[in-house]
Amino acid sequence: MVETENRIEVLGARVHNLKNIDINIPREKLVVITGLSGSGKSSLAFDTIYAEGQRRYIETFSAYARQFLGGLERPDVDKIDGLSPVIAIEQKTTSKSPRSTVGTITEIYDFLRLLYARAGEAYSYVSSEKMVSYSDEQIKELIIQNFIGKRITILAPIIRARKGHYAELFQQITKQGFLKVRVNGEVQDLLPGMKLDRYKTHDIEIVIDRMAIENTEENEKRLVESIKTAMYHGENVLMILDQDTQEVRYFSRNLMCPTSGISYQNPEPNLFSFNSPKGACEHCKGLGTINEINLKKIIPKPKLSIKNGGFAPLGEYKSSWIFKQLEIIGEKFDFKLTDAIETISEEAMQIILHGGKEKFAVESKTLGITKEYKIEFEGISHFIKNQFDESNSTSIKRWAKEFMDEIECPECHGSRLKKEAMYFRIHEKNIFDLSSMDISDLSLWFDNLDKNLSEKQKIIATEVVKEIKDRLRFLVNVGLNYLSINRSSKSLSGGEAQRIRLATQIGSQLVGVLYILDEPSIGLHQRDNEKLIHSLEQLRDIGNSILVVEHDKDMIERADYVIDIGPKAGKFGGEIISKGTPAQLHKEHTMTAMYLNGEMKIEVPKKRREGNGKFLKLTGATGNNLKNVSIELPLGKLICVTGVSGSGKSTLINETLYPILNAYFFNGVKKPQPYKNIEGLEHIDKVIDIDQSPIGRTPRSNPATYTDVFSEIRSLYTMTPEAMIRGYKAGRFSFNVSGGRCETCEGSGVRTIEMSFLPDVYVECETCQGKRFNRETLEIRYKGKSISDVLNMTVDEAVPFFENIPKIYRKVKTIQDVGLGYITLGQQSTTLSGGEAQRIKLATELSKKDTGNTFYIMDEPTTGLHFEDIRVLMDVINKLVDKGNTVLIIEHNMDVIKLSDYIIDIGPEGGKGGGEVVATGTPEELIKNKKSYTAQFLKKELL
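This is the structure we're talking about:
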């Protein structure tokens, strides 16, 4: 037992492609699992160790609780010993909700809300004076002090500046026993049937008491009772009217402006939450933006007539009700549907756009008769707005959104909060000011906060500020100092989201936990790698075990223990080929070791490509943190866009350049970030973007269906003589529709047996033995293989099998070329690693016929790739460029950067300190630049 205390023992792991492996992993150490993409690293770390940890945790619940949770399947492993509680920090990007921000994920915003609710100082949004609040005792003292010897009227305000006749209200007040009210500054007796002008605004107060203030016990008692009654009816606010001067003073238990009398509710943390109805701006519901109709999108060409499609949402003239209504409006305002829209009168346009209901008569001069017409028109812009707000259909919403712009909410100006929340300040800043700062600036502000707080604020804020500072420090340590805490989490990259979760975990300071991370260095510049490794070492040093799946050279060198899985990928991997310290790994002859010790390396090309002499020029890009950036992209080259995390690479390429090209070639709907001009679009003929999103989230999705090669294979099977005799169509060979599939398992090959207290069990379907199709379908064979046999083939087997069918051959050959020969055509997409999914996307695009003028954009294609996989991938990309295409890659990996023909380095820092072009040119030219961080690391690779 003592022996397993300092290690995790895994015996007989057979998940996915693992070949019954046994391994001892030291605890409280930084352990890296490395190996080729698809060799089984994630299968060991996540699908075996993490899955077992999760299952054990759920097993601790009662049988009653487990039936609601749904059990977890026991991983295919004989035994795991010495397992601590497990926390996985994966790359899965965080919530896609527009309400989730960096502040809400890290809990910094929750602490800020608490800080403002307890230590914030309120100011009036009318007079900007500091708000005051009193207890009943203080109010009594102030009244005696200020009004001694005077006659006063105590009033309870119930209506403030609102329209209405208030007959029922006066009746109610009378029933409660009051005799007088003050209406619009005038005291009146309550009379039966009393009411006001309903179209004017009124102020109404109940007269609670009229008394002279004397310093006697009797008088004081009466005053206390009157204050209580007034507070009850006036909802914690009362007014004192000096009968001599007619001056009014307000007193409130809540926060109140001494001049104007407006009062705020006492602040609670949810007043500062844009996810709570108490705090969210009512106009934009806490989103900070609203959608507004853009007339230029409804009438793109005012010179066109209505008949020729001048109104974009209506299109050209059709014999429909809406055009008949427009003809009637034309009768009234004297225009025809063939007139240019710009000639139609303002009044008529108001009705066309915003609707109207009216009847009118038109006299026909030729016939001498009068015709009655009736307009009942909703208005084009009203109709679009209603469809957007109320329709349940995504496609209709998308259609309506084409004619709208997303603009900053005019009420809250993007702060997402109610007006009151914005007038609580600490050291002259409100909560939105702090949320908008970069994390590095925010850290500084909190460091200097102590000397700017009052003694009372210090006592309240000490603990909360300590928590906020800690969390900010952890975010800075994992290289995220350029983010602001109101940054939407859906705009984060996979690596950023993972590092935020890592910072949150470091912040929780747990001990004795096993953390499993999936390539935390993704999207991180070499410069920030050091900070990340240091953060992981900190986690280890307080007594945790860290297990990292990683390909990064620095991370492998700094690990305490390295496990190398291989030798190849897929069914040729799944074995442990070396384990030990990094120094021991160097002496081995595994592929990882050979790349680490320099026996193998990705060669730098002898000379850089010249390109085709044409350029794509983008000028004046100012989105997010870009500072009026202009770039010139030489076509026919391999271009790399580099720079530290948060410098503006994704804004420039994914959010500015790609949407411009996509809109130009394919009418894409995504609006690019602001820019001045683009030139040279005529030199390319299409754009293809290959990003990191997963290719399928259901077990029915597989590489064959994603690359569309399965449609071709099904068509091939319908052409076999037997299928033609039987009259089978392509649907017969699909496992997703009835007809040819096995109906017992509905084409999935396995049956799910639900166990009420235990996890669901998957068993092979006894009818089709896991083949997915029924007997008749499987009788159709091509070269002796049934459709099910084809799905179980690896890509390497499929290439020679289909070599005589060009359409299929081209697609499977490309999958093989990107280094995925080991996967089977029917492998479930859910079991593919991130790197594999991205390469399948790449293969899908590469298998399409390229024109030699295509512009490819890739965002970190090396994600999840081993050194050897990068070499294979770069061979494919280089072939593409050699044919004349342009490939633009956003990348931090030096092996890719050193192969590029042209580099654009954005920076110099992240966030506000970035957004400029630091250097451009070939790698050889770039390394001469003193300001570029990329150049410092690239120098080591080239020299």
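Residue numbers (the numbering used here): 487 to 1429. For every residue, glycine included, the Cβ atom is placed at its ideal position computed from N, Cα and C.
* **With 16 other Cβ atoms within 10 Å as the buried cut-off, status of residue 565** => Locating residue 565 in the sequence shown gives position 79, where the first residue counts as 1. It is exposed - the Cβ of residue 565 has fewer than 16 other Cβ atoms within 10 Å.
* To do: Using beta-carbon positions only, say whether residue 568 and residue 506 come within less than 9 Å of one another.
  => Walking along the sequence shown from the start, residue 568 turns up at place 82. Walking along the sequence shown from the start, residue 506 turns up at place 20. Cβ atoms of residue 568 and residue 506: not closer than 9 Å.
* **Rounded separation between residue 605 and residue 716 - CA only** => Your numbering for residue 605 matches position 119 in the sequence shown. Your numbering for residue 716 matches position 230 in the sequence shown. Across the structure, residue 605 and residue 716 are spaced so that their CA atoms are roughly 29 Å apart.
* Write down the C-beta distance between residue 1198 and residue 1293 rounded to the nearest angstrom, noting that I regard them as a contact closer than 8 Å. => Here residue 1198 is taken as the residue at index 712 of the sequence shown, counted from 1. Here residue 1293 is taken as the residue at index 807 of the sequence shown, counted from 1. By a beta-carbon distance limit of 8 Å, residue 1198 contacts residue 1293. Their separation comes to about 5 Å.
* What does a CB cutoff of less than 6 Å around residue 976 pick up in its chain, not counting 5 residues either side in sequence? -> The sequence position of residue 976 within the sequence shown is 490, counting from 1. Excluding residues up to 5 positions away in sequence, 582 lie with their Cβ nearer than 6 Å to the Cβ of residue 976 in the same chain.
* Asked: How about residue 921 and residue 972: are their beta carbons less than 9 Å apart?
  -> The residue you call residue 921 lines up with position 435 of the sequence shown. The residue you call residue 972 lines up with position 486 of the sequence shown. Going by C-beta atoms, residue 921 is nearer than 9 Å to residue 972.
* To do: Within 10 angstroms of the Cβ of residue 1432, are there 16 or more other Cβ atoms? Answer buried if so, exposed if not.
  => Because residue 1432 is not part of the residues shown, which for the chain are 487 to 1429, the question remains open.
* Best match in 1229, 539 and 1063 for proximity to residue 999 [C-alpha to C-alpha] -> Your numbering for residue 999 matches position 513 in the sequence shown. The candidate whose alpha carbon is nearest that of residue 999 is 539.
* To do: Give the DSSP-derived three-state secondary structure of residue 1015 in the structure shown.
  => In the sequence shown, residue 1015 corresponds to position 529, counting from 1. DSSP places residue 1015 in helix when its eight states are reduced to three.
* Exposed unless 16 or more other CB atoms sit within 10 angstroms - verdict on residue 444 -> Examination of residue 444 is not possible in this model, given that the chain is present from 487 through 1429 alone.
* **Option in 523, 727 and 504 with minimal Cα separation from residue 1307** => Residue numbering aside, residue 1307 sits at position 821 when the sequence shown is read from its first letter. Closest by alpha carbon: 523.
* Beta-carbon gap between residue 925 and residue 1127 smaller than 9 Å -> Here the question's residue 925 lines up with position 439 in the sequence shown. Here the question's residue 1127 lines up with position 641 in the sequence shown. Their beta carbons are not under 9 Å apart, which means residue 925 does not touch residue 1127 by this criterion.
* To do: For residue 535, name the three-state secondary structure that DSSP assigns.
  => Along the sequence shown, one-based indexing puts residue 535 at 49. Residue 535: helix per DSSP, three-state reduction.
* So, helix, strand or coil for residue 1387, using DSSP? -> What you label residue 1387 is simply residue 901 of the sequence shown in a count that begins at 1. Looking at residue 1387 - three-state DSSP - the assignment turns out to be coil, as it is neither helix nor strand.
* Asked: What is the DSSP secondary structure of residue 649, reduced to helix, strand or coil?
  -> Mapped onto the sequence shown, residue 649 falls at position 163. Correct three-state label for residue 649: strand.
* To do: Taking residue 784 as part of the alpha helix (DSSP H), name the residues at either end of that continuous run.
  => Within the sequence shown, numbered from 1, the residue matching residue 784 stands at position 298. Run containing residue 784: 781-784, per the alpha helix (DSSP H) assignment.
* Three-pair Cβ contact test at 8 Å for the stretch 1068-1086 versus the stretch 1351-1367 -> yes
* To do: Specify the secondary structure class of residue 1174 as computed by DSSP and reduced to three states.
  => Taking the sequence shown and counting its residues from 1, the one referred to as residue 1174 is at position 688. Note: residue 1174 maps to strand in three-state DSSP.
* Closer than 8 Å by C-beta to residue 487: which residues in its own chain qualify, once you throw out the five before and the five after it? Chain order, please. => For the purposes of this step, residue 487 is taken as residue 1 along the sequence shown, with counting starting at 1. Here the model assigns residue 487 a pLDDT of 37, short of 50, so the residue's position is not dependable and the matter cannot be decided.
* Asked: Who are the Cβ neighbours of residue 1055 in its own chain at under 7 Å, not counting the five residues just before and after it?
  -> To locate residue 1055, count along the sequence shown from 1; it is residue 569. Spatial neighbours of residue 1055 in its own chain (CB-CB distance under 7 Å, excluding positions within 5 residues in sequence) are listed in chain order as 522, 523, 524, 525 and 1308.
* Those runs of the alpha helix (DSSP H) which lie wholly inside the stretch 494-565 and span at least 4 residues -> 527-530, 537-545 and 549-555
* Just curious, the alpha helix (DSSP H) that residue 1357 is in, first and last residue? -> Residue 1357 sits at position 871 when you count from the first residue of the sequence shown. Segment 1353-1368, the alpha helix (DSSP H) holding residue 1357.
* Please work out which residues of its chain come closer than 6 Å, Cβ to Cβ, to residue 1063, disregarding the five sequence neighbours upstream and downstream, and give them in chain order. => Translated into the one-based positions of the sequence shown, residue 1063 becomes position 577. Within the same chain, residue 1063 has close Cβ partners 1050, 1052, 1053 and 1076.
* Asked: With respect to the beta strand (DSSP E) encompassing residue 575, which residues constitute its N-terminal and C-terminal limits?
  -> On the sequence shown, residue 575 is found 89 positions in, with the first residue counted as 1. Where residue 575 is concerned, the enclosing beta strand (DSSP E) stretches over 572-575.
* **Test: residue 1347 CB closer than 9 Å to a CB of chain D** => No chain D appears in the structure shown, which is made up of a single protein chain.
* Hey, would you say residue 1136 sits closer than 9 Å to residue 1393, going by beta carbons? -> Here residue 1136 is taken as the residue at index 650 of the sequence shown, counted from 1. Here residue 1393 is taken as the residue at index 907 of the sequence shown, counted from 1. Going by C-beta atoms, residue 1136 is not nearer than 9 Å to residue 1393.
* Where does residue 1418 sit, in a helix, a strand or coil, going by DSSP? -> Residue mapping note: residue 1418 aligns to position 932 of the sequence shown, counting from 1. In the structure shown, residue 1418 sits in coil (DSSP, three-state: anything other than H, G, I, E or B).
* Tell me whether residue 864 sits in a helix, a strand or coil according to DSSP, three-state version. => Position 378 of the sequence shown, counted from the start, is the residue given in the question as residue 864. Of the three classes helix, strand and coil, the one that applies to residue 864 here is coil, per DSSP.
* Environment of residue 489 [buried if 16+ CB atoms lie within 10 Å] -> Counting from one through the sequence shown, the residue named residue 489 turns up at place 3. The pLDDT assigned to residue 489 is 47, lower than 50, so where the model puts this residue is not dependable, and the model offers no usable value.
* **Neighbour-count burial assignment, residue 1349, 16 or more Cβ in a 10 Å radius** => Within the sequence shown, residue 1349 is the residue found at index 863, counting from 1. It is buried - the Cβ of residue 1349 has at least 16 other Cβ atoms within 10 Å.
* Asked: Who does residue 1080 pair with in a DSSP beta bridge?
  -> Here residue 1080 corresponds to residue number 594 of the sequence shown, with the count starting at 1. Per DSSP, none; premise fails for residue 1080.
* Asked: In three-state DSSP terms, what is residue 689?
  -> Start at 1 with the first residue of the sequence shown, and residue 689 comes out as number 203. Looking at residue 689 - three-state DSSP - the assignment turns out to be strand.
* Among residues of its own chain, excluding the 5 on either side of residue 636, which ones have a beta-carbon nearer than 8 Å to its beta-carbon? -> As a first step, residue 636 is located in the sequence shown; it is residue number 150 there, counting from the start. Within the same chain, residue 636 has close Cβ partners 698, 699, 728, 729 and 730.
* Under the three-state reduction of DSSP, which class applies to residue 1151: helix, strand or coil? -> Along the sequence shown, one-based indexing puts residue 1151 at 665. The answer is helix: DSSP assigns residue 1151 an H, G or I state.
* From the DSSP output, in three-state form, read off residue 954 for me. => By 1-based counting over the sequence shown, the position of residue 954 is 468. Residue 954 falls in the helix class under three-state DSSP.
* Residue range of the beta strand (DSSP E) that residue 466 falls in? -> In the structure as shown, the chain begins at 487 and stops at 1429. Residue 466 is therefore absent and cannot be evaluated.
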